[in-house]
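Quick note on the numbering used here: the sequence shown kicks off at 450 and runs consecutively. Each residue gets a CB set at the ideal place from its N, CA and C atoms; glycine is no exception. One structure below.
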Amino acid sequence: MQTCGLVEKEPTYRIAFSQCVGSDAWRQTMLEEMKRELSFYPDIEFVYRDADNSNKRQIDQLRELLAMRPDLIIVSPNEAEPLTPVVDEIFRNGIPVIVTDRKTSSGLYHAYVGADNYEIGFMAGQYLARQLGGQGAISEVMGLPGSSAAIERQKGFHDALKPHPGIRLVAQINGRWLIDEAKLQVAQRTDDLAASDAIFAYNDQMALGTYGALQQALPGNGIKIVGVDALPGDGNGLHSVAEKVLDATMLYPTGGKECIQTAVAILNNQPYQRENILGTLVIDSANVHLMKLQTDKVISQQRDIDKQQRLLAEQEQLFSNQQRVLNILVVSLVFAVVFAGVSFYSLKANWEKNKQLEQQNHEILAQQQRILEMTSEVEQATEAKINFFTNISHEFKTPLSLMLIPLENIVKNEKLPESALRSLSLVKKNALILQHLVSQLIDLRRMGYENLRIKAKKGNILLFCNQVVQSFRPLAQQRSISFRLENKSADTTLWFDEVLMEKLLYNLLSNAFKFTPPQGEIVLRIASTAYDAKELEIQVTDTGKGIAEADISRLFEPFYQAENHTNGTGLGLSLCKEIASLHHGSITVRSELGKGTEFTVRLPMGDAHLTEEDKAQSPAPHASGEANETASLLSVLEHEHESDAHGNGTATEISNPDVVKDHSILVVEDHPEMRRFLSEKLAAHFTVFTAADAREGINQAQAQLPDLIISDVLMPGLLGTEFAKKLKADVRTATIPIILLTARGSDEQMLTGLDTLADAYLTKPFNFDHLIAVANNLIQNRKLLRHHFSSDAVELQPVSKLASADRQFLNELAAVVEENIANSELNVDYLCEHLAVSRIQLYRRVKSLLNCSINDYISARRLRKAKVLLQQGMPVNIVAYQTGFSSPAYFSTAFKSKYGMPPSSFKKNASATT
Ligand code: FRU
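Structure follows, in structure tokens:
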């Protein structure tokens, strides 16, 4: 059952109905009546079971219903006796029981609904007795014998006939309440029934069965037949009486409506009637039409009600559907509003993001444009710079030639003094180097920026190499280097540009000669490549000092200088690389430090890789003047050898030993020419020591303790700046002034942060007189300073007159005392420990060098320093502690005994004079 609401409600009550048989019209009418009435109670659930005339089935169904624990059970028992126990059990279980139509034998029920069957039987008996005039034969067609309706109707019928002895009962037939059963039984006993004047069938269905069977057997027999029920409708009792098929019928109402009304009253604890006896009457030809009219009316009304209810149910369903749709719509609307909100915000966010991205895009594009412009500006600037560089290089060539030509003549002059010859040779050599560098620069420029093409022609590379080798022979001999040409290729025909190839070979070989020591070996080797004969290899192998692995990858970059290949500009190898690639070949290097280097040039054989433009139209390589430059390179190499032989690296004192100079200078310079030049020039003024690199320089500085150090900045191994830092960190050398010589602007930049390390720096080319002036100035300043801080009693002799070991000792002693001047605990033991000497050694050395005791020396230095601090305006008390006196009083006494006045007066005088 459904309620009228939108939502199905849990039913409030459940009513179960157990029907003994549901197939006949009377029972169906009963069920319809119940349902019609129930439609007014939508919160009641109705459970229906049909036992189909079977006691057993009805018992089982009742048990099932009991287990369901309904709120009330209505039962119409099939037969009284078999059904009584189960109905009683239900009753005892506290479930209200309404018995309808038929009864149980115990009478245990809460209410009964139905007509009085005894009265119905009695009314039928009276009616027939009246119809027969108290005389005649009567037969009975009975219902199920155990059913209470059959028992009670029979009793009433027989009781009504008792006062009429003229009426005799001729036959009794059991029709079991069913039309077919009655027809069958009657058909079997037509002989008995033929004698009957009237028959009482216990219901209309059995009456109609009897009528049918008799009409068949005895057509037009005239036997009166009376039934029970008076149900309206075709084939039912009321209609049959109206059509005179039956003579009469006893009205037996189904009581369906009353059952439900009683049940509702019980469930709602309302007052109800236990015995609900429905009214009855006899219907025959006299009142049948009136009854029919009434029942038709009732049926029509009931149909209207059913129709109304159906419409109502449909409306409810429609309403419920509409509610559901409305709910869905409302929920959808809410979602739509929410989604619209979210979409709006995300659209807005997207729009803003897009705007931002667009802005960024614009900025990026603008930046890109700017970068492109800048790149183009840089390219233009670079181009301009390179053009300038090339032009300048060209400009250099003429003056260089004009310098070299007269020089050649002057050098040949035999009357030239030895020193002048040496200087002029130096000039010539460096002019040649400049000339060579200028040529290389111009070559690189032509190859890199002017898309220079090779002018290759077919030739024999072996013969060509041999010519080059010949020109290096004298150099090899001069340097005691084993130099040979090897050929391992059957075919030495190659397409190559002679001018460029000559440059390549000269560069590789000159490199090899530059870094290979005497007794070393250089091989120029020609070979086919291992895989096929399509390439030719030209190898230059040496047993020189080798190249560090870190440098190998950058070796062919222009201006790159390897750590231990500092002699040169870094142009030669990049030129070689350009030449190799112009020939569609490559150049590689293998090297091991201390063992040697192997350069391999691989060049394609044949001319398939060359265009017509690459091939030389007219051969004239050596007429270009390039050969002069390579020859000049050889000349440079020879000169280099000579100068190396004179002064090579290690520290050497080159001054004239006969002349004792007051001061000494250490020259640290890796370039032999420059080192030699400086040494020679400085030797006129100072005792000169030399070192070829920073490591040597440090050793020399510590050993000689020179008065000044002049060092190059750019040196192999340790830079001059690092060298200066190391010396300043060492107490022994910390006070030695240092002049750094720089060659480039970049060195100067490097020095800006380190200028506190060097006492001065000069940029090459420098004026020698200026160098001497700076050197003297620094030495004098240092001397003044030393004097300033040393004791009056301890005036050092000129340093150069002391043995270097003594100078070193005094320097160290002064440094330790100076460092600890504020320490009042400074004593002999401390000095011994820090100077690594015994007490006796210390006493003796100080006595012999300074002619005083150690304590006198310390005290003198303290007072000297105190004097300086007082002059600078420091308060007396602080000066006392700053100079290591245990108390101001003791300081005053000591100061007064030394300088004849107390420190306070000295301070006053000093401030008055300044
Ligand atoms: C229907 C019926 C009725 C009769 C009643 C007696 O099943 O046979 O015709 O009046 O039952 O219980």
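Return the residue from the list Lys907, Leu958, Leu912 that minimises the CA-CA distance to phenylalanine 921.
Cα-wise, what sits closest to phenylalanine 921 is Leu958.
Measuring only from the beta carbon, is glycine 592 closer than 7 Å to any heavy atom that is part of ligand 1?
Yes, the beta carbon of glycine 592 sits closer than 7 Å to at least one heavy atom of ligand 1.
Three-pair Cβ contact test at 8 Å for the region 537-549 versus the region 512-527
Three or more Cβ pairs drawn from the region 537-549 and the region 512-527 lie within less than 8 Å of each other, which places the two stretches in contact.
Determine the direct distance from the alpha carbon of proline 612 to that of glutamine 584, and round the result to whole angstroms.
Note on geometry: alpha-carbon atoms of glutamine 584 and proline 612 lie some 11 Å from one another.
Helix, strand or coil, according to DSSP, for aspartate 1208 in the structure here?
The three-state secondary structure of aspartate 1208, taken from DSSP, is coil.
Report yes if the CB atom of proline 460 is closer than 8 Å to the CB atom of glutamate 486, and no otherwise.
One thing to note: proline 460 has its Cβ no nearer than 8 Å to the Cβ of glutamate 486.
Among Glu1268, Phe1048, Arg1256, the one whose alpha carbon lies nearest that of leucine 1299:
Comparing Cα positions, the closest option is Arg1256.
Is serine 596 near ligand 1, going by C-beta to nearest heavy atom under 7 Å?
Answer for serine 596: yes, Cβ within range of ligand 1.
From what residue to what residue does the beta strand (DSSP E) around glutamine 621 run?
For glutamine 621, the enclosing beta strand (DSSP E) stretches over residues 616-623.
Nearest residue (CA-CA) to serine 1353, options Gly1322, Leu1280, Gly705
The residue with the shortest Cα to Cα distance from serine 1353 is Gly1322.
Own chain partners of isoleucine 754 with C-beta closer than 7 Å, once the 5 adjacent residues on each side are dropped:
Cβ neighbours of isoleucine 754 beyond the five flanking positions: Arg485.
Indicate the three-state DSSP secondary structure (helix, strand or coil) for alanine 939 in the structure shown.
Three-state DSSP puts alanine 939 in coil, outside helix and strand.
Let me make sure I understand the geometry here. Which of Leu1259, Val1286, Ile1327 has the alpha-carbon closest to that of isoleucine 1307?
By alpha-carbon distance to isoleucine 1307, the top candidate from Leu1259, Val1286, Ile1327 is Leu1259.
Spell out a yes or no on whether the region 962-982 and the region 1000-1009 are touching, meaning 3 or more CB-CB pairs, one atom from each, closer than 8 Å.
No, because fewer than three Cβ pairs between the region 962-982 and the region 1000-1009 fall closer than 8 Å, the two stretches do not touch.
Collapsed DSSP secondary structure at glycine 563 in the structure displayed:
When DSSP states are grouped into helix, strand and coil, glycine 563 belongs to the strand group.
Serine 597 in three-state terms, based on DSSP:
In the three-state reduction of the DSSP assignment, serine 597 falls in the helix class.
Proximity to proline 1324 [Cα-Cα], best of Phe1355, Asp1305, Gly1349:
Scanning Phe1355, Asp1305, Gly1349 for the CA closest to the CA of proline 1324 turns up Phe1355.
In this structure, how does DSSP classify glutamate 765 when only helix, strand and coil are distinguished?
Taken through DSSP and simplified to helix, strand or coil, glutamate 765 comes out as helix.
Quick one: is the Cβ of glutamine 772 within less than 7 Å of any heavy atom of ligand 1?
Not so, every heavy atom of ligand 1 lies at least 7 Å from the Cβ.
Out of His1134, Arg1310, Ile1159, which one is the CA nearest neighbour of alanine 1141?
Out of His1134, Arg1310, Ile1159, the CA that lies nearest to the CA of alanine 1141 is found in Ile1159.
Which one of His1283, Lys1347, Val1328 has the shortest CA to CA distance from alanine 1309?
If we check each option's Cα against that of alanine 1309, Lys1347 comes out closest.
Since glutamine 927 is in the alpha helix (DSSP H), which residue starts that stretch and which ends it?
Per DSSP, glutamine 927 belongs to the alpha helix (DSSP H) from 910-927.
Exposure of glutamine 988, with buried meaning 16 or more beta-carbon neighbours within 10 Å:
So glutamine 988 counts as buried.
Which word fits phenylalanine 837, buried or exposed, when buried means at least 16 other C-beta atoms lie within 10 angstroms of its C-beta?
Label assigned to phenylalanine 837: exposed.
Between the region 1313-1322 and the region 1330-1337, can you find at least three pairs of beta-carbon atoms closer than 8 Å?
They touch, by the three-pair rule.
Give a yes or no on whether the C-beta atoms belonging to glutamate 1027 and leucine 873 are separated by under 8 Å.
In this structure, glutamate 1027 sits away from leucine 873, with a CB-CB distance that is not shorter than 8 Å.
Once you ignore the five residues that flank leucine 1203 on each side, which residues in its own chain have a CB closer than 6 Å to its CB?
Reliability fails at leucine 1203, whose pLDDT of 49 lies under 50, so the model's placement of it is uncertain and no value is given.
If isoleucine 648 sits next to leucine 657, beta carbons under 8 Å apart, how far is it from one beta carbon to the other, in whole angstroms?
Between leucine 657 and isoleucine 648 the Cβ distance is about 12 Å, and since that is not below 8 Å, they are no contact.
Could you tell me the alpha carbon to alpha carbon distance between asparagine 1225 and valine 887, rounded to whole angstroms?
About 38 Å.
Starting from phenylalanine 1048, follow its DSSP beta bridges and name the residues at the other end.
Among the bridge pairs identified by DSSP, phenylalanine 1048 is matched with Val989, Val1038.
Please report the straight-line C-alpha distance between alanine 1285 and leucine 1262, rounded to a whole angstrom.
Rounded to the nearest whole angstrom, the C-alpha separation of alanine 1285 and leucine 1262 is 11 Å.
Compute the Euclidean distance between the alpha carbons of isoleucine 882 and lysine 1232, then round it to the nearest angstrom.
So the two alpha carbons sit approximately 42 Å from each other.
Looking at the structure shown, is glutamate 494 part of a helix, part of a strand, or coil, going by DSSP?
Secondary structure at glutamate 494: strand, using DSSP grouped into helix, strand and coil.
Quick one: any contact between the region 698-707 and the region 487-506, if contact means 3 or more CB pairs under 8 Å?
Taking 8 Å as the limit for Cβ pairs, the verdict is that the region 487-506 does not touch the region 698-707.
In chain order, what residues of the same chain have a beta carbon less than 7 Å from the beta carbon of proline 1155, not counting five sequence neighbours either side?
Excluding residues within five positions, the ones whose Cβ falls inside 7 Å are Ser1113, Ile1114, Leu1115, Phe1138, Ile1185.
Nearest to arginine 602 by alpha carbon, out of Asp520, Asp565, Arg1039?
The shortest C-alpha separation from arginine 602 is found at Asp565.
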